[in-house]
Amino acid sequence: MAILETRQLNKRFGGLHVTGNVDFALQPGEMHCLIGPNGAGKSTFFKLILGEHLSDSGQILYDGADITRAKPFERIRRGISVKFQVPGIFRELSTRQNLTIALQHHVSPQVLSEEIDRLLEFLKLADDRDKQAGNLSHGQKQWLEIGMAVALKPQLLLLDEPTAGMTPDETYATGAMLQDLNRAGMTVLAVEHDMAFVRQIAHQVTVLHLGKIFAQGTIDEIVADERVAAIYLGESDA
Amino acid sequence: MLDSSRRASILRLVEGPQTMGRGPGFWTGFGLVLLGAIAYPFFADSYDVGNNVYFFNWLFMAMGLSLIWGYGGALSFGQTAFFGVAGYSYGVLTINLGDAYGLTLLSLVLAVGISALFAAILGYFLFFGRISGVFLGIVTLSVTLVLERFMAQTAGPQWAIGAARLNGFNGMGAMPSLTIPWFGGDITLYPDVALYYVTLALLVVVYLGLRILVNSRFGNVIVAIRENPMRAEMLGYDIRKYQLATFVIGSALAGLSGVLYTSWGNYITPASMGMTAASLPIVWVAVGGRTDLTTTMIGTLAVLVIFQSLTIHGSQYALIVMGALLVITVLVAPKGIVIALVDLFRRRRSRQEGGA
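Next up, the structure:
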């Protein structure tokens, strides 16, 4: 059974049909990338899954349960977690506090400190534990937020352009980090522009175009698809 | 065993990342200030001591606003609404119930409870309706102004609850002061030394209690909501509940100020909920530094004393000075003047340490 499934999902903003009858299924343990040119409806699709927007019609199933009208925090409590495109961190608080807030509702106070140390190590932020999160470098902020999202021990991790603004080295390290998490059992769905990154992590790729699913397959199949090249890859090569 | 260890871990929260004052240096200073406050009545005229309780009365409201706005990030313009509701409630209750058998203390609890209930109802619609930012300020300001207008037109004899006449614009008076039942006879807390000590004790308890609250898991979440509500929600928190709880606690503290003020002066007027009154708490907490309880206290006391002496010495420009102070704070030290000074001091010290 799919961990996440959308059936005939629709969303309109005024006359604009940003999500059109999307049937999408994500298998447990998969690393799946969502690509598409600007305005393809990737972010809206994410927001529908998270409950930031409510769909006009259609269904969203998570782990077999209908979450179409559930509140965002209810979806999170079911096992979904998200990393936003713009680093969504608590800027005035320290790195440590950021992680504390992510961990405190499901980790007992006795082991909280150990758990934080482990995450700091994993995120390579151990030396910056007391730094104000707003003063971290861009890549570190991205990692911190991934850490906060991962701290919830989600079954499904959603990532909206996780490597935006990162150097190639940071991007590669992020990919490796995600592969570690995936091996530990986490399903990953990422919106991403960086094709090297998509090639590094994705088992499956879905191309969205004008709010609809345009193509699906492995990265090699997608790259070989001339129709996709025409709408998307062609743009960036040109 | 478990209880005592849990109690110890709760007490440890009196220090933490959400409060600036930390370590032996801070607590020594705190102890000295407290000693000074305790010693003050020995060196001052008891009439002055009683009068100066006035300053303490407002601090609860200021700390409540620090919690709602400074920690929670929701600018409430409505502290005076809860101040007024609790003040009038205390008046109505005590005029009807009298001051025997500790009934004024019961009235205090009930009046604060009424303001908290009012805050819960208003807050429910605000936060569960996802009203935030400037709209929250507008709605809360409107509520306090509506209450002022309403109370101002209650001059006629038909506006009475039991024996208590509301008295319109002139305000309600002649309610009894807080009275503590005691073995050798009731202690009535007139503006005098006894009231001073009771209010001081209450202040210390509320201050330390709030420090524990803001450094607790609850405090972590409300600060997270201030910093990034969407991220907080996407960590699985129902932020509406946290915002509502914060609003109710902070507003109830404004209610406590209202009761203490009404009991202290045996008097409350609609003007206490008017535009001027509503804007002053914003100035108090913004000037000191709203994101910390201690800087809020220091700033509020300082601004109140300045404001009071300007008014007493006949300056008609006290309010203009307050407005200017707010503008200067926002432009020069947006986090608050006390916080800016502490930051400056810390930076200088770390630079000296770095140079040595």
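Read top to bottom, the protein sequences are chains P and Y. Okay, so the first sequence: first residue is 318 according to the working numbering, each after it adds one. Okay, so the second sequence: first residue is 101 according to the working numbering, each after it adds one. Where is the CB? At the ideal position from N, CA and C, for every residue including glycine.
The C-beta of PRO485/P comes no closer than 8 Å to any C-beta of chain Y. For GLN402/P, the closest Cβ of chain Y is not nearer than 8 Å. For ILE352/P, the enclosing beta strand (DSSP E) has its first and last residue at 348-352. The C-beta separation of THR535/P from ASP511/P comes to about 17 Å, leaving the pair out of contact by the 8 Å criterion.
In the same chain as TYR201/Y, and ignoring 5 residues on each side of it, no C-beta atom comes closer than 6 Å to its own. Interface residue (Cβ-Cβ distance to chain Y less than 8 Å): MET465/P is classified as such. Contact of ASP392/Y with chain P is not assigned, every C-beta pair being separated by 8 Å or more. Contact check for THR361/P and VAL335/P: beta-carbon distance about 5 Å, within the 8 Å limit, so the pair qualifies.
At a cut-off of 8 Å between C-beta atoms, PHE439/P does not count as an interface residue with respect to chain Y. Secondary structure within the segment 220-293 of chain Y: not one fully enclosed beta strand (DSSP E) run of 3 or more consecutive residues is present.
ALA255/Y and VAL192/Y do not touch by the CB rule: their CB atoms are close to 16 Å apart, not below 8 Å. The Cβ of LEU335/Y sits closer than 8 Å to at least one Cβ of chain P.
Within the segment 448-483 of chain P, the complete beta strand (DSSP E) segments of 3 residues or longer fall at 473-477, listed in chain order. For the set PHE225/Y, GLY150/Y and PHE250/Y, the Cα lying nearest the Cα of VAL185/Y is the one of PHE250/Y. In chain order, GLN179, PHE183, LEU353, ALA354, SER357 and PRO381 place their CB closer than 7 Å to the CB of MET161/Y, counting only its own chain and leaving out the 5 sequence neighbours on each side. With 16 or more other CB atoms across the displayed protein chains lying within 10 angstroms of its CB, ARG413/P is buried. With respect to the 8 Å criterion, ALA220/Y and VAL359/Y are not classified as neighbours on the basis of their beta carbons.
In the structure shown, the three-state DSSP call for ARG331/Y is helix. With a contact defined as Cβ atoms closer than 8 Å, GLY456/P and ARG331/Y miss out at about 18 Å. Between ILE320/P and chain Y, the shortest Cβ-Cβ separation is not below 8 Å. DSSP places GLY336/Y in no alpha helix (DSSP H); its state is neither H nor E.
CA-to-CA, the gap between LEU429/P and ARG122/Y works out to about 22 Å. Listed in chain order, the positions of the segment 318-329 of chain Y with a beta carbon within less than 9 Å of a beta carbon of chain P are ASN320, VAL321, VAL323, ALA324, ARG326, GLU327 and ASN328. Taking the C-beta atoms as reference points, TRP158/Y is found nearer than 8 Å to THR400/Y. Around GLU115/Y, the same chain offers ARG122 as residues with beta carbons nearer than 6 Å, after the five sequence neighbours per side are excluded. Secondary structure at GLN179/Y: helix, using DSSP grouped into helix, strand and coil. Collapsing the DSSP output to three states places ASP542/P in coil. Residues of chain Y whose Cβ lies closer than 9 Å to the Cβ of GLN414/P are, in chain order, PRO117, GLN118, ASN320, VAL323 and ALA324. Beta-bridge annotation (DSSP): ARG324/P is paired with GLN376/P.
Excluding residues up to 5 positions away in sequence, THR323 lie with their Cβ nearer than 6 Å to the Cβ of PHE341/P in the same chain.
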